[in-house]
Amino acid sequence: MKIGDKVRFLNTTGGGIVKGFQGKDVVIVDDDGFDTPVLIRECIVIEPAHDTQVRQSVKPQNVTEPTQKTYQEKPEEDTPVIETKEGDLITACLAYLPLDEKSLSTTAYECYLVNDSNYFLSYNYMSRNDHGWVSRAAGLIEPNTKIFLEEFNKTDLNDLEKICVQFIAFKKDKPFSLKNPCSAEIRLDTVKFYKLHSFRDNDYFDENAIIYYLMKKDLVEKELTIEPEVLAVAMREKQQSERPRIQPAKKKETSPILEIDLHIDELVDSTAGLEASDILDYQLSKFREIMDENKSNKGQKIVFIHGKGEGVLKKAILDELKNKYKHTYIQDASFREYGFGATMVTIK
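Heads up, the sequence shown is in the working numbering, so the first residue is 14 and it goes up one at a time.
Rendered as structure tokens:
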């Protein structure tokens, strides 16, 4: 933080231009013509001094210099960097906050870059359109600080689905460990910006925010995606397994019941990379396979173990039975044996 920076107060409304410092912990802020002393840790820089980048959706304001100084300005100089024990491992993230959390359907949003490390980061914040990547903000962020990047409206969300932040890390006037350049691509879930519960308590702001980590402890955060080819291979390997976990229980003369456990951990060796929709589709495919194999076995009883959970799988199974497998009796399986987590199907 330095003289000329535009700051916002964290614990109250307002903000202004940095005019000077009192000791190492207090900054003097020109707040609408009044010189206000504020703790440095209770301010955040939203527009660095002499910054040439343009803030979108914000009109430039003319700052009137006071005619009389009430203190002696110090020469402009960088505030000494205060390092933390954990700060030599870089953690950085993007934070998205609503301007008016009570009017989420109409409010605009702010984006901040958080540098939770002892390094200076020279960064470039970009979004992607049909023609390529577009730089939205670029500059230098100081160690253990957060900086305002842009303000945008809901109409801009479609342009922000694909985000990339690149940065290089270094320290000034002292030796440091070399860090690899970072290039982190993230996909914003724009639906979250319409839901109040998506904005959560966090380590960096008093207000709730959506946090997207770019790097954690020197490791670049990679978007978790699953390619169709990977899913196909996983399914094929499971089908070829010599010891499948899911198999009909041995029939007993007194109880000819098939028990089919549809928990995903019983269907595939690994769920790495699988999203909730992929898991549900695979569970339903196993359900249909068993039903098709036994639909002509009149009197056959099948217990599908789906677990209690949120009831998503159970509802999907009941919908399949009512619409596709109508020649069946449906009932909850024995509570003593299965609790609330199983459905018994009897073939008519």
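Even glycine gets a Cβ: it sits at the ideal position worked out from N, Cα and C.
Three or more C-beta pairs closer than 8 Å, one from the stretch 112 to 120 and one from the stretch 136 to 152: is that the case here?
-> Too few Cβ pairs lie closer than 8 Å, so no.
From P79 to G46, what does the alpha carbon distance come to, in whole angstroms?
-> Here residue 79 is taken as the residue at index 66 of the sequence shown, counted from 1. Here residue 46 is taken as the residue at index 33 of the sequence shown, counted from 1. For P79, the predicted structure reports a pLDDT of 47, less than 50, and the residue's modelled location is therefore unreliable. The matter cannot be settled from this model.
Roughly how many angstroms lie between the CA atoms of V31 and D278, to the nearest whole one?
-> As a position in the sequence shown, residue 31 is number 18, starting the count at 1. As a position in the sequence shown, residue 278 is number 265, starting the count at 1. Inter-residue distance for V31 and D278 is about 57 Å (C-alpha atoms, whole angstroms).
Three CB pairs or more closer than 8 Å across the stretch 300 to 310 and the stretch 343 to 357 | Pairwise C-beta distances place the stretch 300 to 310 out of contact with the stretch 343 to 357, as fewer than three of them are shorter than 8 Å.
What is the DSSP secondary structure of S70, counted as helix, strand or coil?
-> If you number the sequence shown from 1, residue 70 lands on position 57. Confidence at S70 is low in this model, with a pLDDT of 32, below 50, so the placement of that residue is unreliable and no value is reported for it.
Separation of L275 from Q296, as counted between CA atoms = Numbered from its first residue, the sequence shown carries residue 296 at position 283. Numbered from its first residue, the sequence shown carries residue 275 at position 262. Between the alpha carbons of Q296 and L275 lies a gap of roughly 6 Å.
Answer with buried or exposed for Y225, where buried requires no fewer than 16 other C-beta atoms within 10 angstroms of its C-beta.
-> Taking the first residue of the sequence shown as position 1, residue 225 is located at position 212. Buried, because 16 or more other Cβ atoms sit within 10 Å of the Cβ of Y225.
Residues that L126 bridges to, as DSSP identifies them | One-based indexing of the sequence shown puts residue 126 at position 113. According to DSSP, L126 bridges with L107 and I160.
Between L134 and N142, is the Cβ-Cβ spacing less than 8 Å?
-> Along the sequence shown, read from residue 1 onward, the residue named residue 134 stands at position 121. Along the sequence shown, read from residue 1 onward, the residue named residue 142 stands at position 129. Not a contact, by the Cβ cut-off of 8 Å.
Can you tell me the Cα-Cα spacing of L331 and E288, whole angstroms?
-> Residue numbering aside, residue 331 sits at position 318 when the sequence shown is read from its first letter. Residue numbering aside, residue 288 sits at position 275 when the sequence shown is read from its first letter. A direct Cα-Cα distance of roughly 22 Å separates L331 from E288.
Are the C-beta of T356 and some C-beta of chain C separated by less than 8 Å?
-> No chain C is present in this structure, which holds just one protein chain.
For K235, does the three-state DSSP call read helix, strand or coil?
-> By one-based count along the sequence shown, residue 235 stands at place 222. Three-state DSSP puts K235 in coil, outside helix and strand.
Run the CB neighbour count on K98, radius 10 Å, all protein chains shown included, and call it buried at 16 or more, exposed below.
-> Here residue 98 refers to the residue found at position 85 of the sequence shown. K98 comes out exposed.
Determine the extent of the alpha helix (DSSP H) in which V51 is found, giving its start and end residues.
-> As a working mapping, residue 51 is identified with position 38 in the sequence shown. It is not in any alpha helix (DSSP H) - V51 instead sits in the beta strand (DSSP E) that spans F47 to L52.
From D64 to K19, what does the alpha carbon distance come to, in whole angstroms?
-> By one-based count along the sequence shown, residue 64 stands at place 51. By one-based count along the sequence shown, residue 19 stands at place 6. Summary for D64: the model assigns pLDDT 49, below 50, so the residue's position carries little reliability, and this model does not support an answer.
Run through the stretch 283 to 322 for me and flag every whole beta strand (DSSP E) of 3 or more residues, listed as ranges in chain order.
-> Correct list: 314 to 318.
Among D38, G36 and D43, which residue has its Cα nearest to the Cα of R21?
-> Position 8 of the sequence shown, counted from the first residue, corresponds to residue 21. Checked all of D38, G36 and D43; the closest Cα to R21 is D43.
CB L227 to CB L107, shorter than 8 Å?
-> In the sequence shown, the residue the question calls residue 227 occupies position 214. In the sequence shown, the residue the question calls residue 107 occupies position 94. Yes; because the gap between Cβ atoms is below 8 Å, this pair is in contact.
By Cβ distance below 8 Å, which residues in the same chain neighbour D219 in space, the five residues on each side in sequence not counted?
-> Within the sequence shown, the letter at position 206 stands for residue 219. If the five residues before and after D219 are omitted, its C-beta is found closer than 8 Å to the C-beta atoms of L23 and N24, all from its own chain and listed in chain order.
Are V316 and E272 touching if we call contact CB-CB under 8 Å?
-> Reading the sequence shown from its first residue, position 303 is the one you call residue 316. Reading the sequence shown from its first residue, position 259 is the one you call residue 272. In contact: V316 and E272 (Cβ atoms closer than 8 Å).
DSSP three-state call for L271: helix, strand or coil?
-> Counting from 1 along the sequence shown, the entry for residue 271 is found at position 258. The answer is strand: DSSP assigns L271 an E or B state.
Do you know whose CA, among C195, P188 and G100, lies nearest Y136's CA?
-> Looking up residue 136 in the sequence shown gives position 123. Distance from the Cα of Y136 is smallest, within the candidate group C195, P188 and G100, for C195.
Where does V58 land, buried or exposed, given buried means 16+ other C-beta within 10 angstroms?
-> As a position in the sequence shown, residue 58 is number 45, starting the count at 1. When all chains shown are included, V58 counts as buried.
Hey, how far is the Cα of K314 from the Cα of V246?
-> Residue 314 sits at position 301 when you count from the first residue of the sequence shown. Residue 246 sits at position 233 when you count from the first residue of the sequence shown. About 32 Å.
In this structure, does DSSP put A355 in helix, strand or coil?
-> Locating residue 355 in the sequence shown gives position 342, counting from the first residue. Of the three classes helix, strand and coil, the one that applies to A355 here is strand, per DSSP.
What did DSSP end up calling I224 once you bin it into helix, strand or coil?
-> Locating residue 224 in the sequence shown gives position 211, counting from the first residue. Strand.
Straight-line Cα distance separating D294 from K361 = Indexing the sequence shown from 1 puts residue 361 at position 348. Indexing the sequence shown from 1 puts residue 294 at position 281. When rounded, the separation of the alpha-carbon atoms in K361 and D294 is 26 Å.
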